[in-house]
Amino acid sequence: MKVLKFGGTSVGSAARMKDVVKLVVNDEPKIVVLSAMSGTTNTLVEIGNLLSKNKQAEAVAKIEEMEAKYNAVMDELYSSAAVKAKAIAAIKENFSFMKTFVVKAFNIYQERALLAQGELMSTAMFQFLLEEQGVNSVLLPALNFMKITKDEEPDLAYIKEHIAKELKKYGGVDLFITQGFICRNTFGEIDNLKRGGSDYTASIVGYAINSSEIQIWTDIDGMHNNDPRMVGETRPVAQLSFDEAAELAYFGAKILHPQSILPAKLANIPVKLLNTMDPTAKGTTITEESGKGEAIKAVAAKDGITAIKIKSARMLLAYGFLRSVFEVFERYRTPIDMITTSEVAVSLTIDDNAHLTEIVKELEAFGTVEVDKDQTIICLVGDMISEEGEMAMKLFTALKEVPLRMISYGGSRHNISVLTNAENKVKALQKINEGLFGLKGAKAAQKV
Ligand code: ADP
Ligand code: ASP
Ligand code: MG
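Under the working numbering, the first residue of the sequence shown is numbered 26, with each subsequent residue one higher.
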């Protein structure tokens with residue numbers, strides 16, 4: 026059985042949903058994971074923010090605006106009057122439910138339930154479309170099997186057991202539809218896998234059913250060598266290893282949720298990144314193999330990084346110093362991304378500032394502490410070893426005009442990362458595009 030995930034743009038209009046039907050209705054058994062229609066989760070976040078600020082009237086206006094949009098989509102989506110009426114009545118319930126959150130003491134549980142409505146609506150609408158076309162499919166509620174632990178990690182054993190139970194109910198059915206992104210937490214409450222989480226759902230479901238392949242269908246023909254939103258020209262990467270793809274996803278390549286490669290890697294399931302707008306394009310294949318071809322694969326950038334430097338004479342010739350430093354981060358459950366050390370100082374980066382004040386306070390016991398916020402990690406991925414130093418030389422030549430705060434090389438054979446101030450990000454990506462990939466750096470001036 027395969028798992029196919031379609032992102033927001035791929036289900037973003039009536040026409041797009043109909044295209045997805047064409048891609049999923051064939052003899053191959055599959056589970057189809059859908060995101061919310063594009064823009065929906067952002068709007069739900071905005072509605073949640075308005076409710077948190079007690080701006081009920083504005084929230085209601087936004088809910089109603091969204092409802093009108095959904096009604097227009099459904100009007101175009103279905104040709105049978107009976108199915109259309111059923112679908113509109115079903116989605117009306119989602120909107121009525123959202124309106125029950127328009128209260129003074131809007132809380133986090135309501136916010137999570139609100140965010141879940143996007144995927145609940147897109148999958149319901151899609152299932153009605155399949156029903157109208159006489160396709161034998163079943164809508165599997167993700168909330169019946171997707172679960173996260175108290176550490177917010179997917180509960181893989183639970184998911185495996187419960188998805189098997191769900192599937193067993195429907196002998197003879199080959200097409201299942203389910204929601205991406207949403208899950209239950211350890212208390213049974215509605216929760217989610219964080220923004221962009223539908224990719225993660227697909228990979229977790231793939232793992233749980235031991236799928237033969239996971240396909241991530243989106244609006245671009247695979248992982249590109251650079252962020253197409255930042256640079257003038259990019260090209261797709263044909264093949265990536267799980268580790269290379271995971272690194273790119275973690276360090277900012279938006280096409281994949283940061284954690285979404287791990288479950289596929291655990292079960293050694295090939296992942297394909299494919300384009301709904303151009304279904305015959307080759308896209309990117311992600312497997313154990315890095316593949317031949319270009320040694321330098323791609324670059325990604327992760328924003329919102331904080332650099333922390335601890336300077337201490339006590340570090341000189343001492344052992345146990347780094348352990349004490351790391352223990353501080355462990356106590357506050359704050360992961361470290363990059364680290365560089367010298368005899369008298371250690372610099373490291375984090376992307377979660379929730380406990381920054383407490384961490385800095387504890388680190389001050391070791392020496393002087395400097396904190397730089399608003400940093401960006403630029404991560405170059407490829408086979409660094411085969412290039413024998415060429416790669417580093419090319420990278421630093423390309424970045425000669427970009428001030429670098431930290432450099433990490435040798436942590437793994439397929440990555441070099443540098444840290445720079447966020448304001449240098451676009452320039453760095455563009456210079457790398459020119460110097461390492463031989464592609465256009467700057468974006469063409471936008472025509473007005
Ligand atoms: P979906 O809604 O299908 O999940 P996303 O918007 O989350 O789609 O991801 C696809 C987008 O990721 C692309 O449209 C592109 O702008 C952006 N992107 C950023 N970096 C890359 C990259 N290296 N390769 C491909 N796409 C990228
Ligand atoms: N709808 C969710 C989001 O916009 C999940 C996803 O699209 O992957 O973040
Ligand atoms: Mg996405």
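Glycine included, C-beta positions come from ideal geometry on N, C-alpha and C.
DSSP assignment within the region 171–223 yields the following whole alpha helix (DSSP H) runs of 4 residues or more, N-terminal first: 181–193.
Rounded to the nearest angstrom, the Cβ distance from L424 to K456 is 6 Å, consistent with a contact under 8 Å. Under the three-state reduction of DSSP, E426 is assigned to coil, being neither helix nor strand. Restricting attention to alpha helix (DSSP H) runs no shorter than 4 residues, the region 123–180 encloses them at 133–140, 142–157, ordered along the chain. Distance from the CA atom of I113 to the CA atom of G277, rounded to whole angstroms, is 38 Å.
DSSP lists S442 as the bridge partner or partners of S433. Here Q204 really is in contact with L59; their C-beta atoms are around 7 Å apart, less than 8 Å.
Inclusion of M26 and Y95 in the CB contact set at 8 Å is not warranted, their separation being larger than that value. Distance between V45 and L287, taken at the CA atoms: about 26 Å. Exclusion of T382 from the 7 Å shell around the ligand ASP follows from its C-beta lying no nearer than that to any non-hydrogen atom of the ligand. In the DSSP assignment, K87 falls within the unbroken alpha helix (DSSP H) covering 81–102. In the structure shown, the three-state DSSP call for T359 is coil.
Taking the Cα positions, A469 is about 15 Å away from D252. Between the beta-carbon of M431 and that of A332 there is about 7 Å, and that keeps the pair under the 8 Å contact cut.
The beta carbon of D224 sits closer than 7 Å to at least one heavy atom of the ligand ASP. About 22 Å separates the beta carbon of Q264 from that of Y225, a gap too long to meet the 8 Å contact definition. One Cα belongs to L140, the other to A84, and the distance between them is close to 14 Å. When Cβ pairs closer than 8 Å are counted between the two stretches, the region 352–359 is seen not to touch the region 442–451, the count staying below three. Inclusion of L464 and E319 in the CB contact set at 8 Å is not warranted, their separation being larger than that value. Between T305 and P295, the gap from beta carbon to beta carbon reaches 8 Å or more.
Bounds of the beta strand (DSSP E) holding S372 are 370–375. The beta carbon of L298 sits closer than 6 Å to those of I241, G247, M248, G308, T309, all from its chain and outside the five residues before and after it, given in chain order. Remark: C-beta atoms of M42 and V36 approach each other more closely than 8 Å. Taken atom to atom, the span from the alpha-carbon of A97 to that of M91 is near 10 Å. Across the structure, D328 and G221 are spaced so that their CA atoms are roughly 16 Å apart. With a beta-carbon spacing of about 15 Å, M62 and I88 fall beyond the 8 Å limit used to define contacts. For V451, there is no enclosing beta strand (DSSP E); the enclosing alpha helix (DSSP H) covers residues 450–460.
Counting C-beta pairs with one atom in each stretch, the region 164–177 and the region 100–110 have fewer than three that are closer than 8 Å, which means they do not touch. For the pair S372 and T365, the CB atoms are nearer than the 8 Å cut-off. Taking a 10 Å sphere around the C-beta of G197, we find fewer than 16 other C-beta atoms and assign the residue as exposed. At a threshold of 7 Å, A325 counts as near the ligand ADP, since its beta carbon sits closer than that to one of the ligand's heavy atoms.
Relative to the ligand ASP, the beta carbon of F206 is positioned inside 7 Å of a heavy atom. Of the other Cβ atoms in all chains shown, 16 or more fall within 10 Å of the Cβ of N440; this residue is therefore buried.
Residue pairing by DSSP puts E395 in a beta bridge opposite K334.
Inter-residue distance for K129 and A167 is about 30 Å (C-alpha atoms, whole angstroms). Here P428 is exposed: its Cβ has fewer than 16 other Cβ atoms, across all protein chains shown, within 10 Å.
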